[in-house]
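Chemist: The opening residue of the sequence shown carries number 24 in the numbering used here; numbering runs sequentially from there.
The beta-carbon is built from N, C-alpha and C at its ideal position, and this holds for glycine as well.
Please read these numbers as outputs of a predicted model, since none were measured by experiment.
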Amino acid sequence: ESPMSTARAHWVELPISLELTGAAYTVRLRLGSDQVPVELIIDTGSSSLAVLPTAYQGERDASLQASDLAQQLSYGQGAWTGPVVCSDLRLDHSGHHLANTQLAVIEAETTDFRGADGIIGLAYHSLDPAHVVSALLPAPASQSWPWPFDSSQSQSAEFSRQLQAQPRVELTPPFTALEEHGVVSNRFSLLIRRALKRALPQARRHPENQGRLLLGGGHELAHLHDGVVVSIPVVHDRYYNVVLQSLQVGEQSPLPAPALRSSELRSYASNAIIDTGSSFILLEDSLYQGMLDRLAQIDPRLLSAIEAFGNTLKNQSGLVDATLESLPWPELKFHFRGVDGATATLVLSPAHYWQHDGLRVGESWFMLLRQLPDWPRQSVLGLPLMCDQMVVFDRQEKGEGVIHFAAARLPDGA
């Protein structure tokens with residue numbers, strides 16, 4: 024059987040878009056007895072379903088079931104805290120739904136959802152923890168909903184310490200629950216064109232800002248992909264962990280990707296993750312520096328352009344430079360440990376690692392950044408590597424799963 028074919032049963036196709044946030048894809052799902060629409064960021068780097076109370080008012084939801092659980096999660100750039108409740112989750116109008124879905128209502132947060140109503144994580148169990156907070160609740164409360172703490176208390180370090188000390192449980196992530204209840208099969212696919220919203224002179228939607236999320240399926244839709252399928256095994260079910268072997272700049276010799284330090288293995292599992300929640304590719308420090316050195320060997324002007332972008336990025340802006348596209352930017356090749364010991368290669372084109380007309384007309388964004396300070400030896404491979412690809416996260420194949428990449432064929436209106 025081809026890795027890009029499967030039975031049609033148990034899948035649902037949903038439109039996704041960059042229009043709302045500009046730098047992350049959102050999908051519209053419906054919550055609760057009133058089927059309230061919520062726009063959620065699609066994130067393979069986390070597992071939780073969490074919504075802001077501005078979008079979902081639990082007190083109006085006849086299907087809400089309170090619990091004695093609370094969730095507090097930290098991301099690279101922020102954190103949030105809130106009660107865990109159960110409610111109905113609907114994927115679309117065709118009856119794909121799941122009763123008693125566990126979700127967090129965000130009561131205190133430092134995370135910027137960029138206009139979205141929350142997040143839906145598509146990773147595995149270990150990233151969806153909660154705590155039994157009965158001992159912290161003021162009498163006579165026995166449930167965490169309605170949330171009995173004010174926002175300043177919820178955001179305090181002392182409250183965080185107390186919460187983390189309570190008994191820990193693993194929630195069932197939404198996608199896992201959908202699969203376990205037979206709503207969809209245990210794979211999902213993403214088809215996108217851009218990593219940053221393409222701006223237009225007029226405020227109208229651009230087809231390149233639209234994409235598709237296929238929950239439970241996608242492989243069998245042969246008309247949505249072309250050519251060779253590149254298959255990369257998942258080596259750990261913490262994140263979508265893969266093994267990056269090297270990075271090649273143009274036709275120069277590949278730069279070896281260092282393995283994690285032994286002290287980092289338990290928490291981070293491998294030296295790269297595939298992450299739809301990251302707008303950029305964050306390269307491990309030595310890989311990033313090596314890439315800059317190789318680009319400078321091709322043409323020093325390439326390095327000057329990247330440095331100029333670094334200065335505009337400090338002001339949350341892209342680079343305005345009409346000469347960018349005339350420079351000799353090379354392809355970047357990411358070599359991974361493939362299936363059965365083979366090497367699997369993904370090619371990143373200049374058109375994808377420089378996103379032109381990104382967020383504002385005339386601005387270009389260089390989509391490779393150096394890893395955050397004090398980060399492990401791990402590269403975070405975000406949306407640019409998925410542009411113009413059909414990416415299938417197959418969680419039921421070969422142990423921990425396999426991620427398949429193939430050139431996407433998206434109709435203009437998709």
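1. Note down, in chain order, each residue of its chain lying with its Cβ closer than 8 Å to the Cβ of Thr195, except the 5 sequence neighbours on either side.
2. Just to confirm, are His427 and Val252 a CB contact at a threshold of 8 Å?
3. Which stretch, first to last residue, makes up the alpha helix (DSSP H) that contains Phe15?
4. Quick one: residues in its chain with C-beta nearer than 6 Å to the C-beta of Val425, no 5 flanking neighbours on either side, listed in chain order?
5. Nearest to Asp344 by alpha carbon, out of Glu354, Ile215, Ser285, Ala328?
6. Short of 6 Å in beta carbon distance, which residues of its chain neighbour Ala131, apart from the five on each side in sequence? Order them along the chain.
7. If Val415 and Ser212 are in contact, beta carbons under 8 Å, what's the gap, nearest whole angstrom?
8. Closer than 6 Å by C-beta to Arg51: which residues in its own chain qualify, once you throw out the five before and the five after it? Chain order, please.
9. Which residue marks the beginning of the alpha helix (DSSP H) containing Leu52, and which one marks its end?
10. Considering Cα atoms alone, identify which of Asn264, Val107, Met390 is closest to Trp476.
11. Which runs of the beta strand (DSSP E), 3 residues or longer, sit entirely within the stretch 192-253?
12. Decide yes or no for the touch test of the stretch 132-146 against the stretch 184-195: beta carbon pairs closer than 8 Å, at least 3 of them.
13. For Lys356, list the residues DSSP reports as bridge partners.
14. Can you name the residues that DSSP bridges to Asp66?
15. In this structure, does DSSP put Gln378 in helix, strand or coil?
16. Give me whichever residues DSSP pairs with Met413 in a beta bridge.
17. Taking three-plus beta-carbon pairs below 8 Å as touching, is the stretch 262-269 in contact with the stretch 347-355?
18. Under 8 Å, with one C-beta from each stretch per pair, do the stretch 280-294 and the stretch 393-411 reach the 3-pair mark?
19. Start and end of the alpha helix (DSSP H) containing Glu330?
20. If Leu238 and Phe198 are in contact, beta carbons under 8 Å, what's the gap, nearest whole angstrom?
21. Helix or strand or just coil, what does DSSP make of Ser402?
22. What's the gap between the Cα of Ala32 and the Cα of Asn338?
Modeler: Here's the rundown:
1. Gln125, His148, Asp151, Glu203
2. yes
3. Limits of the chain in this structure are 24 at one end and 437 at the other, which puts residue 15 out of reach.
4. Ser254, Pro256, Asp417
5. Ala328
6. Thr104, Ser174, Ser177, Gln178
7. 5 Å
8. Pro60, Glu62
9. Where Leu52 is concerned, there is no enclosing alpha helix (DSSP H), although the beta strand (DSSP E) it sits in stretches over 49-54.
10. The requested residue 476 is not part of the displayed model; the chain covers only 24 to 437.
11. 210-215, 233-238
12. no
13. Gln271, Val370
14. Gly144
15. strand
16. Leu214, Ala429
17. no
18. yes
19. 323-336
20. 7 Å
21. strand
22. Since pLDDT at Ala32 reaches only 49, below the 50 mark, its modelled position is unreliable, and no value is offered.
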